[in-house]
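For the sequence shown, position 469 (counting from the first letter as 1) is numbered 534 according to our numbering, and the numbering increases by one without interruption. These notes are about the structure you will find just below.
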Amino acid sequence: MVYDNPWGTFLVEARDVLEKAFKLAYPELEVKIQLDKPPSREYGDLSCSACLSLAKKASTNPMEMAEVVLKHTSLKDSSFIEKIVVSKPGYLNIYLKRSLMVGEALKSALTLKDEWGYVKTDKPLRIVIEHTSVNPIHPITIGHARNTFLGDSLARILNARGHSVSKRFYVDDVGGQVALLAYAYKLAGDAILKLDAKPDHAIGRVYTTISALVEIRKLKNRAENLRKSGKYEEARRVEDELSDWIRILSEVEKKNSDVLQTLLNGMKFSDPEEEVREILKAYELGSEQAKQLIRPIVEKCIMGFKETLERVDVSFDFWDWESEIVWSSIVRRVLNRLMKSGCVKFENNVPEFEAGRIAEDPLVRRRLGIPDGFEISSLTLLRADGLTLYPTRDIAYSILKFQNADVVINVVGFDQTLPQIQVRLALYVLGYKEQAENQLHYSYGLVKFPGFKMSSRRGRYITLDHLLDESEARAYMEVSKISPHLSEDERRRIAKSVGVSAVKYSLISVEPSKDVVFDWDRVLDFKRNSAPFIMYSYARAHGITSKIGVESVEEFDPAFLTQPLEEELGLNIAMFPQVFVEASENLSPHTLAMYCNSLATIFNSFYDSHPVIKAEKNVREARLALVEAFKITMRNALKLIGITPVERM
């Protein structure tokens, strides 16, 4: 028999047996069966502690209750349960028919091959995942890369689960940052687009340059006015900030001297802040002149994004331009409906959506999953000059995303928690109650590089391109040490794959709620918990199967897998479909990454202890089946986090 989820079948059997036993023994009690992994094999493969919490309600003690429940258990309809035993102080321990589980799992993996582990949902949904969405004013950085890889992994996992997944990139081309970049383009012209660099990198330097020039002018004036007013202490603080910006300008001048001079000359006869406001206003109103300023430079930046994304095998189904949403009538319709909702107040003639007041309703808070104690302020809908703000545009974009979706997942950093809640509250008030419930904020922590404080505006960032270059170079050195006999081309090819995979794994494998501290020694550690370590285990397995072939694996006898490491490896292979199901339900790519590391660790121990090629025929065939099933499992698991293993290292 082929099982799509053998370990999941064992869990279902255990839960069913215990639920029926409790119902027979204590029909008056409501019992929710929780199954946990015991601390050691001595206490079985699964354990239930329900008797510890329910005994008092049944006017008995946990041990007596467990014994009574045990007497009412029946294993006649169970395939995988060997026995159930009571242990102190009242646990019900379930023991697995381990040999049977290993055999069925290996046969299923070898039969299903590329589909092994990908258990399909019986309730497929249309899911939109918006991720990456980097502002088109600089390259994709290491911080954005975590967003990219988490979003891409979620899409892969949910697609494999049987959902219809749409991946969207929100092009944030409306706002002060892009308008500032457009101002630089207005001053320097096509010289910006012809810089001798990857377009997004060149644009990032121009953005830092114009930011520095505008800030320096502003800070000089402020410091001068403060000194005239006798506010010397405050003036010194402003001058310290001014010095920082001057240092930044001197750094970018080395690569942008011609553009810098052009910008300086152009700024002599203009008011940068006023010009930026005019560009911003004109673009939001759909001015053709403003479009000719903004669209070319944003498109160039996106071209650079696409180069980087192709390098890491990430693609999008839709590139949604924020400006297109603004130029349509939907933003104004949203504003008009909110104004009529009775949930908008005016502060200094500016409309504010009273999100906090709406969130005071316990029902609303519960339906939207807003944490108790989380303070929610009002949401400003328009600027003083009547232009829209990004959260207002986000409300309209959310409505558009739901046109063909049951669930929307926004992969956005922790710092956007408040705006994400405010947008959902606005959807709720507008009558999109289900959509408000089904729009998920998938948040994540920062990526920290020891000794380096990042600031996009100041041009202090580590680009994903640079990170990949460095990773590939370091991987090449390691691969050359391990396999000096390989050709130069093959070492380069392997290093490219390992380098990209190492960066991906390092950013996916940490639980999203935690910050990532990027450390090269860990990222490229060939001995533990890294993509190179995992990929090396796969290459070792392929080395075995490529030497003797896998034609005979279908005829193997699992009874010859008698060693503890063989059993442990087989059981971990059996668990993969259930790990996948839980990762898809909990939206947790990191659990798949950790599973890959655990599987690789067990395989390496098996590889070091038990020969395959030189083993006796029956043992060799059984071990060969185990190795091939490991390869299938590892390949399928890695695919879900965007990693393709290599066959040689």
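Think of the CB as a built atom: it goes at the ideal place given N, C-alpha and C, for glycine as much as any other residue. Nothing here was measured: the structure is a model prediction, and the numbers come from that model.
Cβ separation of residue i and residue j, assumed to be a contact under 8 Å, to the nearest whole Å
i, j, result
"L291", "E299", "5 Å"
"V96", "L117", "In fact, because the Cβ distance is near 12 Å, the residues do not count as touching under 8 Å."
"H228", "T186", "7 Å"
"L589", "P577", "Going by Cβ atoms, the distance from L589 to P577 rounds to 22 Å, so no, they are not a contact pair."
"K29", "R233", "With the chain covering only 66 through 714, there is no way to say anything about residue 29."
"K356", "I268", "K356 to I268, Cβ: 17 Å. No contact."
"C113", "L94", "Not a contact, Cβ separation roughly 14 Å."
"P310", "A288", "The question names Pro, yet the displayed sequence has Trp at residue 310. About 12 Å separates the two Cβ atoms, so there is no contact after all."
"I460", "A491", "5 Å"
"A604", "M714", "4 Å"
"T610", "G182", "That pair is no contact at about 19 Å."
"I464", "I395", "7 Å"
"N475", "L505", "7 Å"
"A606", "F695", "6 Å"
"K263", "D530", "7 Å"
"F75", "F145", "4 Å"
"R64", "L636", "Here the chain has residues from 66 to 714 only, and residue 64 is not among them."
"R700", "L533", "The Cβ separation is near 22 Å, so there is no contact."
One or two residues paired with residue i in a DSSP bridge
i, result
"L157", "C113 and V151"
"Q500", "DSSP lists no partner for Q500."
"L447", "T453"
"K682", "According to DSSP, K682 bridges with nothing at all."
"T206", "T528"
"E417", "K410 and T445"
"I146", "L161"
"L100", "C113"
Residue burial classification, residue i (beta-carbon count within 10 angstroms, cutoff 16)
i, result
"V721", "Since the first residue shown for the chain is 66 and the last is 714, residue 721 is missing from the structure and cannot be characterised."
"S602", "buried"
"N330", "exposed"
"I678", "exposed"
"Y297", "exposed"
"F411", "exposed"
"W384", "exposed"
"V715", "Residue 715 cannot be examined here, being either before or after the span of the chain that is shown, 66 to 714."
"G254", "exposed"
"G168", "buried"
"D110", "buried"
"S562", "buried"
"A501", "buried"
"P127", "buried"
"D142", "exposed"
"T213", "buried"
"L350", "exposed"
"A624", "exposed"
"H550", "exposed"
"L428", "exposed"
"T627", "exposed"
"M66", "exposed"
"N683", "exposed"
"R397", "exposed"
"M542", "exposed"
7 Å Cβ cutoff, residue i in contact with chain B
i, result
"A256", "This model lacks chain B altogether, as it is built from one protein chain only."
Closer than 8 Å is the cut-off here; do at least three beta carbon pairs connect the segment 235-246 with the segment 332-351? At 8 Å Cβ cutoff, the stretches touch.
Please give me, in chain order, every unbroken run of the beta strand (DSSP E) with length at least 3 that falls completely inside the segment 157-202. You should have 191-195.
Runs of alpha helix (DSSP H) wholly within the segment 221-309 (minimum 4 residues, chain order): With a minimum length of 4 residues, the continuous alpha helix (DSSP H) runs that stay inside the segment 221-309 are 241-253 and 264-293.
Can you find at least 3 beta carbon pairs, one from the segment 396-405 and one from the segment 370-381, that sit closer than 8 Å? no
Is it true that the segment 429-444 meets the segment 144-164, where meeting means three or more beta-carbon pairs spaced less than 8 Å apart? Fewer than three pairs of CB atoms, one per stretch, sit closer than 8 Å, so the segment 429-444 makes no contact with the segment 144-164.
Please confirm if the segment 637-649 is in contact with the segment 219-234, defined as three or more CB-CB distances below 8 Å between the two stretches. With the rule of 3 Cβ pairs closer than 8 Å, the segment 637-649 counts as touching the segment 219-234.
Touch check for the segment 455-475 and the segment 183-197: three-plus C-beta pairs under 8 Å? Three or more Cβ pairs drawn from the segment 455-475 and the segment 183-197 lie within less than 8 Å of each other, which places the two stretches in contact.
For the segment 245-260 against the segment 555-571, do three or more pairs of beta-carbon atoms, one drawn from each stretch, fall closer than 8 Å, so that the two count as touching? no
Which ranges does the beta strand (DSSP E) cover as unbroken runs of at least 3 residues, wholly within the segment 372-407, from first to last along the chain? 383-386
If contact is defined by three or more beta carbon pairs under 8 Å, each pair taking one atom from either stretch, is the segment 195-210 in contact with the segment 522-542? yes
Closer than 8 Å is the cut-off here; do at least three beta carbon pairs connect the segment 606-623 with the segment 168-176? yes
Any 3 or more C-beta pairs closer than 8 Å across the segment 701-711 and the segment 653-665: yes
Which runs of the alpha helix (DSSP H) fall wholly inside the segment 473-525 and span at least 4 residues, in chain order? 482-494 and 498-503
Take every Cβ of the segment 414-423, pair it with every Cβ of the segment 443-462, and state whether three or more of those distances are shorter than 8 Å. yes
For the segment 659-667 against the segment 131-147, do three or more pairs of beta-carbon atoms, one drawn from each stretch, fall closer than 8 Å, so that the two count as touching? Result no; under three Cβ-Cβ pairs closer than 8 Å.
What residue ranges within the segment 578-655 form continuous alpha helix (DSSP H) runs of no fewer than 4 residues, ordered along the chain? Within the segment 578-655, the complete alpha helix (DSSP H) runs of at least 4 residues are 585-588, 596-613 and 629-651.
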